[in-house]
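Encoded as structure tokens, the structure appears first; notes follow it.
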Ligand code: GLU
């Protein structure tokens, strides 16, 4: 690649970032890193009607959280700034004029009412109205009225739009890095609006002008933009600019059934589709961060939605991803979203975390339950159970018995409490009382010796013992629990079980 790689993520701040948008940002980031290029963020806010306050901050915060912050953006290395299109407003008119002057665009004065009438008339004839080469010369455009008349109407403050004059009878053979050759017939395209008399460009014009001015080398974006590619390539041609290379990423599909992953799928199946929580006056949508996902896990599973390195390898750090990433290995077909796999990734990262860090994250959860955490070796407790958890939020259910005696006994497990059990448990108490070095391995040796010497079956003691301490037949190695809760508490729980079971 000879040119410097400069890629961008160009969201419109119309709400929280969907996970598909996050993946687009990630693939741009990875591509930039792989080629020692620049990843920048441009805010495409020309459509003021769809502007949502807070969305821009949300997008920036989400990228920061994921560790894929842009190198250039609003307020940061504004080499080609401003990076917010609304602040570039004055820049676009000259480009729209340029296209008018070169004959690549024309003024259209049709009022919304007139367009509506055309639409209705077409419908009545069983046709669909498309603003294109078949009718642009029959409509209210600068293609059919004199230049003087056009100037007069504009000076009079009449509303107009500038439309692209799509060439006729051309077959465009375009190259997409992921899809290979893609063919478009220009006759099937409509003459898109590029600019409006309120002085605002539309997405298409602003996007092309900015990609050019900001020296974008590759446009990597979602598949939903593929239909815009012919217009965009034609716009580059009209301006006489070199077009960037294009790569349209596959859709992220629903876990079950067909179609694009939606927020509704997430709500139904209990997983977030947004990186961070998003609150409005009406509702709260959950986010990966608030659900307890590690950003590294989110990055890792998103990277594998539509891409792999050609091997079975699934666990990649961000650095490894940046080294291995290759747009040529991105699939064309949509990538099914698998919520279970999601959790699996989080589990992998949870297990890799340092126990002391996990204990720190767990601590406030315990404090909220009124537990004095200073009395416990949380790091050790966490180390015993983390293999069984996908999230730190699951730690409480896996550890509650370390902090409090069971409040009830699992019914099914209680069937292991037989007639002879109370006597055996009394004997066990005496054995425990005499142990000086109350550490897991030592307690285990002494208890097992006692069982062997007296020819008592293991299960006869171990299951009721666990039931007494935990309230169920679950939890980590029993003698670790015994050591951690201590002699006094162990004995008191056995006594309580004897009296209640
Ligand atoms: N503003 C567009 C969006 O919201 C950008 C599309 C593109 O990357 O060209 O996704």
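In this note's numbering, the protein residues as written are 133 to 633.
Note that CB positions come from ideal geometry on N, CA and C, so glycine has one too.
Values in this document were obtained by computation on a predicted structure and should not be read as measured data.
Could you check if residue 353 belongs to the surroundings of the ligand GLU, using beta carbon to heavy atom distance under 7 Å? Placement of the Cβ of residue 353 at a distance of less than 7 Å from at least one heavy atom of the ligand GLU is found.
How long is the line joining the alpha carbons of residue 364 and residue 340, rounded to whole angstroms? The alpha-carbon of residue 364 is positioned some 7 Å away from that of residue 340.
Inter-residue Cα distance where the pair is residue 400 and residue 391: Distance between the alpha carbons of residue 400 and residue 391: 15 Å.
Alpha carbon to alpha carbon, how far is residue 619 from residue 569? Just so you know, the alpha carbons of residue 619 and residue 569 end up roughly 10 Å apart.
Same chain only: Cβ atoms within 7 Å of residue 300, ignoring 5 sequence neighbours per side: Within its own chain, the residues whose Cβ lies closer than 7 Å to the Cβ of residue 300, once the five positions on either side in sequence are excluded, are 265, 318, 319, listed in chain order.
For residue 295 and residue 279, the rounded distance between their alpha carbons: Cα-Cα distance, rounded: 16 Å.
Within 7 Å: the Cβ of residue 373 and any heavy atom of the ligand GLU? Shortest gap from the CB of residue 373 to any heavy atom of the ligand GLU: 7 Å or more.
Taking 8 Å as the cut-off, decide whether the C-beta atoms of residue 174 and residue 346 are in contact. In contact: residue 174 and residue 346 (Cβ atoms closer than 8 Å).
Inter-residue spacing [alpha-carbon to alpha-carbon] between residue 406 and residue 553: If you take the alpha carbons of residue 406 and residue 553, they lie about 53 Å apart.
Contacts around residue 583, its chain only, beta-carbon distance under 7 Å, and the 5 residues preceding and following it disregarded: Cβ within range, chain order: 590, 593.
Buried or exposed, going by whether 16 or more other CB atoms sit within 10 Å of the CB of residue 396? That one is exposed.
Determine the DSSP secondary structure at residue 496, reduced to helix, strand or coil. In the three-state DSSP reduction, residue 496 falls in the helix class (H, G or I).
Output the residue ranges of the alpha helix (DSSP H) runs that lie fully inside the region 226 to 278 and measure 4 residues or longer, sorted by chain position. Under the rule that a run must span 4 or more residues, the alpha helix (DSSP H) segments found entirely inside the region 226 to 278 read 244 to 256.
Taking the CB atoms as reference points, tell me whether residue 508 and residue 533 lie closer together than 8 Å. No, the Cβ-Cβ distance between residue 508 and residue 533 is not below 8 Å.
Secondary structure at residue 582, three-state DSSP: helix, strand or coil? For residue 582, the three-state secondary structure derived from DSSP is helix.
Whole-Å CB distance - residue 381 paired with residue 462, under 8 Å assumed: Indeed they touch by this definition, with Cβ atoms about 6 Å apart.
Excluding the 5 residues flanking residue 358 on each side, which residues of the same chain have their C-beta closer than 7 Å to its C-beta? The beta carbon of residue 358 is closer than 7 Å to those of 380 in its chain, skipping five residues each way along the sequence.
By DSSP's criteria, residue 293 is part of a beta bridge. Which residues make up the other side? In the DSSP secondary-structure assignment, residue 293 is bridged to 240, 328.
According to DSSP, which residues form a beta bridge with residue 314? In the DSSP assignment, residue 314 is bridged to 306.
How is the alpha helix (DSSP H) around residue 344 delimited, first residue to last? From DSSP, the alpha helix (DSSP H) with residue 344 extends over 335 to 345.
Cα separation between residue 325 and residue 228? Here the alpha carbons of residue 228 and residue 325 stand approximately 10 Å from one another.
Straight-line Cα distance separating residue 402 from residue 491: Answer to the nearest angstrom: the Cα atoms are 26 Å apart.
Distance, Cα to Cα, residue 563 vs residue 609? Between the C-alpha atoms of residue 563 and residue 609 there is a straight-line separation of about 19 Å.
At a threshold of 7 Å, does residue 245 count as lining the ligand GLU (C-beta to nearest heavy atom)? Residue 245 Cβ: outside cutoff for every heavy atom of the ligand GLU.
Distance CB(residue 248)-CB(residue 272) smaller than 8 Å: Taking 8 Å as the cut-off, the Cβ atoms of residue 248 and residue 272 do not count as close.
Residue closest to residue 464, alpha-carbon to alpha-carbon, out of 547, 383, 566, 250: Closest option to residue 464, Cα to Cα, is 383.
Where does residue 217 land, buried or exposed, given buried means 16+ other C-beta within 10 angstroms? Its Cβ being crowded by 16 or more others within 10 Å, residue 217 is buried.
Under 8 Å between C-beta atoms of residue 408 and residue 190: Residue 190 sits close to residue 408, with the two beta carbons spaced by under 8 Å.
Same chain only: Cβ atoms within 7 Å of residue 559, ignoring 5 sequence neighbours per side: The beta carbon of residue 559 is closer than 7 Å to none in its chain, skipping five residues each way along the sequence.
At the level of alpha carbons, what is the spacing between residue 287 and residue 186? Answer to the nearest angstrom: the Cα atoms are 38 Å apart.
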